[in-house]
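Below: one structure, written as structure tokens.
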């Protein structure tokens, strides 16, 4: 019994201390591949090895390797004018050591054939890519830099060269961007420190300073959930999703409270255009049921809440939820709707977007901007109803006036005519 109890204590520690491996993004085109189970969990080396092994049976595989890549590089539409036009395109935001997976497949089936082309010399590049079409072969083109535009042009040439051959193209990197990798490593270390904080106080002030952003990123106060990020301060009381049991008008709703996951980073913020905040942002809340994605778009000095995605369903607001750049959004409730009538609601919702570099949502001294109340005095439905009622009233008034005028003499009497009576 003592052995089992000791084992239960040791296993979580061993799991928590697992190293963070380099996980660059991967693009695959030329054939459909299995979708990633979660955009927040990396595809493991063994999983990607299985995908490559299955593709190798009926295809030739060409892998293109940049020196390092991050997910934000792949999201740069201007960097890949050719790749953005390819459909279907299979995207894995994180794959643990993809080159290692390809090398394992090549070890069992044949040699991994390496090429080091001069991607800036188009003639040399075309000559290097004139390869015989052989199913099962794996070719690796080493680019050895982060010149994304040059990579895009080179891959366009390769795709054209093998248009008559069953080829699967894979674009990835030797390693994940160093900055992104170090950030994930530091986050993992910080989460472990938070977990152990209850055992005793940190022994040095540096550790406390590192923990502060994570301690205040997710907190509870007066039954309110407070989530903080460098760009976002989000507060709400609770979240309810109401799903129709059957797609009919009289079908009852099955209401479920959505709860955030305990531990880890509950809120993440991403840029829609990967360049700046003015292209729109997405908030990702990690819940026990599914990641919740909230999309906000800027337009003419205002932020607009455009949609939410939850459990693979997209919800749209029926009213305009917007607020100015110099304000924060304050709503007693926000409700968005699905096409089948299901609805998703935040209660006591407060959102502040920090779009200026001088502001930081993790700063406890930061004061949120004044409230922009989303209470609606005149809904579109009410406005339409009033408009229709006014038109009907005008028509009735005109009809009544016509009826009352029947039988009345409308001709004016001439002065020379005899009296009518």
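Numbering (mature numbering (1 follows the signal peptide of the UniProt record, and there is no 0)), first residue to last: -16 to -1, 1 to 405. Ideal Cβ positions, reconstructed from N, Cα and C, are used throughout, including at glycine.
- A distance below 8 Å between beta-carbons, with the five flanking residues on each side excluded, links residue 317 to the following residues of its chain, in chain order: 329, 330, 331, 332 and 333.
- Across the set 66, 266 and 101, the C-alpha of 101 shows the shortest separation from the C-alpha of residue 49.
- Below 8 Å, too few C-beta pairs join the segment 121 to 134 and the segment 4 to 18 to call them touching: fewer than three.
- Straight-line spacing of the CA atoms in residue 138 and residue 73 works out to 17 Å.
- Nearest to residue 116 by alpha-carbon distance, out of 45, 82 and 53, is 45.
- Note on geometry: alpha-carbon atoms of residue 208 and residue 223 lie some 11 Å from one another.
- Distance from the CA of residue 19 to the CA of residue 156, rounded to the nearest whole angstrom, comes to 17 Å.
- The shortest C-alpha to C-alpha distance from residue 304 to any of 312, 319 and 294 is the one to 319.
- Counting along the chain, residue 136 sits inside the alpha helix (DSSP H) bounded by residues 132 to 145.
- For residue 80, no beta strand (DSSP E) run applies, since DSSP gives it neither H nor E.
- By the neighbour-count definition (other C-beta atoms within 10 Å, threshold 16), residue 8 is a buried residue.
- In terms of Cβ geometry, residue 32 and residue 79 form a close pair [threshold 7 Å].
- Between the alpha carbons of residue 240 and residue 37 lies a distance of about 42 Å.
- Assignment of beta strand (DSSP E) within the segment 334 to 362, counting only whole runs of 3 or more residues, yields 355 to 357 in chain order.
- Residue 339 and residue 112 have their C-alpha atoms some 47 Å from each other.
- The C-alpha of residue 67 lies about 7 Å from the C-alpha of residue 136.
- Rounded to whole angstroms, the separation of the alpha carbons of residue 28 and residue 221 is 37 Å.
- Taken through DSSP and simplified to helix, strand or coil, residue 221 comes out as coil.
- Taking the C-beta atoms as reference points, residue 214 is found nearer than 7 Å to residue 345.
- Cα atoms of residue 298 and residue 390: separation of roughly 59 Å, rounded to the nearest angstrom.
- Apart from sequence neighbours up to five positions away, the residues of its chain that approach residue 52 with a beta-carbon distance below 8 Å are 8, 130, 157, 158, 159, 160, 161 and 162, ordered along the chain.
- Under DSSP, residue 327 takes part in a beta bridge, and its partners are 226 and 321.
- DSSP places residue 66 in the coil class of the three-state scheme, outside both helix and strand.
- If you ignore the 5 residues before and after residue 252, its C-beta comes within less than 7 Å of the C-beta of 268, all in its own chain and listed in chain order.
- Looking at the backbone, the Cα of residue 151 and that of residue 6 are separated by about 27 Å.
- Contact check for residue 256 against residue 264 passes: the beta carbons are separated by less than 7 Å.
- Inclusion of residue 58 and residue 154 in the CB contact set at 7 Å is not warranted, their separation being larger than that value.
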